[in-house]
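**Q** Please find one structure pasted underneath; my questions will follow.
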Amino acid sequence: MTNTPDISLPRANETTNRHPRGPSAQAAAARGSVSAPPERTTVPSDASKEESAAPAQADPPTAAKPDLPVLPARLDLPTATAKPDLPVAPPQPVPPAVPAQPNPPPTVSPPDPPASVARPERKAERAEPPRGRALAAAQIRRLAVLAVTIVLLGTGAGLLGALVWPATYAARAEILYPIRQDEATGFMREDRNLTTQLVLLQGRAVLGPVAQGQGRTVEDLEDDVTVEVVETSEVIQVEARGPSREAAIGTLQAIVDQYFALKSSSQPSGVREYLDGELATVQSGISDVQGRLTQLQSEAAAGIGDSAAVTAADNELQTLLSREQDIQAQLDDLNIASASASGLNAQLLTPAYPVPDAVSPRPLVAGGTGALIGLIVAAGAVVLAVRRWIRN
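Add 405 to a position in the sequence shown, counting from 1, and you land on the number used in my numbering.
The structure is reproduced here in structure tokens:
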């Protein structure tokens, strides 16, 4: 029974040693150790009393339970350790703060994932410009496809029109018209002579009888006849067109025959007689007007005549003089034509022959024209589409 207080005392000492808090705590522990003997004397008295009463009430197996109430010695620890010195020590708050530092890193680590998630968002924002470029590239491809489609449609329409449109064939003939040596030389004279023949071939004097024989109008026949001088030569090329090669050759042969028949006829002499009569009439009128004008001017000088009559006579005289000049020019042209006809300068150099290919429509020309029209339409469509996208 006396050994139990000895066992409880070391437990009190262990509790004091478990919580060392500096030199002051050790001193307090030392003081507690000094004051421990009186506690030993008091504890056994209480324990002995309890133990004396316990055998009378409890069984031997439960006799170990009195060891648990020995804890009152622990309650005496505050008196033995003299804790009032603990608040005086300043280093006490520092040790608890040191273990608290490792704890924040776990709290900081959760924000890291959001930061890593935000970075892809920035990448997505940076990736937006490429998306815009891809959209612009897609629009450009659309415009290119639209333009190419319209151009191809125009080309196809032109080729289809060339295939559907009725073909027109042509026949050609060449006439040699040399300039005589005794005529005045020079480019002006040569051009004038050749131009006269061109007018004669395309005039009603030649085309009228041909159109009448075919049951057509002169205007319709003029659209199917082309006359031109071969460059730097004295050759006149005549071309006639028709729905077939035979029709074109027949029309051209009729024109050439009428041209040579007209040159060998006496029509120029009749025209000369008419122009000579007109010239004589105009010259007679000029003489009469000049006499009357002289008389009116003398009367006006004497103060008897009228100035308005003088002005009217003067205007009439100017008109007659202009008419005289025109008739004289026509006579000059007729003289040239008569000289050519009398000399029989015009010669059929190449008889009428058919042109191998149709002159119209031409597939390549029709396709090119359709492509050009399609290109213009495509440009307009592209401009409208771009404006609409810009507005949107």
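Virtual Cβ for every residue (Gly too), placed ideally from N, Cα, C.
Taking DSSP as the reference, what is the three-state secondary structure of Y582?
**A** Coil, per DSSP.
**Q** Sorted by chain position, which residues of the same chain lie with C-beta nearer than 6 Å to A575's C-beta, five sequence neighbours on each side aside?
**A** E644, R646, A653, V760, V764
**Q** By DSSP, does G620 sit in helix, in strand, or in coil?
**A** In the three-state scheme derived from DSSP, where H, G and I count as helix and E and B as strand, G620 is classed as coil.
**Q** Quick one: is T716 buried, meaning 16 or more other Cβ sit within 10 Å of its Cβ, or exposed?
**A** exposed
**Q** Whole angstroms are fine: how far does the CA of A610 sit from the CA of W570?
**A** Annotation: W570 to A610 spans about 33 Å, alpha carbon to alpha carbon.
**Q** Per DSSP, A645 is paired with what?
**A** A645 is bridged by DSSP to A576, V630.
**Q** Indicate whether the contact test is met: 3 or more Cβ pairs, each with one atom in the segment 541-559 and one in the segment 717-725, closer than 8 Å.
**A** no
**Q** Give me the residue from T724, Q663, G708 with the minimum Cα distance to Q688.
**A** T724
**Q** Find out if the Cβ-Cβ distance for the pair V556, A783 is shorter than 7 Å.
**A** The answer is yes: Cβ separation under 7 Å.
**Q** Determine the DSSP secondary structure at P756, reduced to helix, strand or coil.
**A** Here DSSP, grouped into helix, strand and coil, assigns P756 to strand.
**Q** What's the C-alpha gap between L777 and A790?
**A** Annotation: L777 to A790 spans about 20 Å, alpha carbon to alpha carbon.
**Q** Just mark V632 as buried or exposed, buried being the case when its beta carbon has 16 or more other beta carbons within 10 Å.
**A** By the C-beta density criterion, V632 is buried, having at least 16 other C-beta atoms within 10 angstroms.
**Q** Grouping DSSP H, G and I as helix and E and B as strand, with all else coil, what is S638?
**A** coil
**Q** Mind checking which residues open and close the alpha helix (DSSP H) that includes W794?
**A** 768-796
**Q** For L558 and G772, which I take to be in contact (beta-carbon distance under 8 Å), what is that distance rounded to the nearest angstrom?
**A** Incorrect: roughly 12 Å between the Cβ atoms, too far for contact.
**Q** To which residues of the same chain is V661 closer than 6 Å at the C-beta, ignoring the five residues directly before and after it?
**A** A578
**Q** Mind checking P583: buried by the 16 CB within 10 Å criterion, or exposed?
**A** exposed
**Q** Give the C-beta separation of R658 and A757 to the nearest angstrom, bearing in mind that I take them to be a contact with Cβ-Cβ under 8 Å.
**A** Per the sequence presented here, residue 658 reads as Gln, with Arg not at that position. Yes, Q658 and A757 are in contact; Cβ-Cβ is about 5 Å, under 8 Å.
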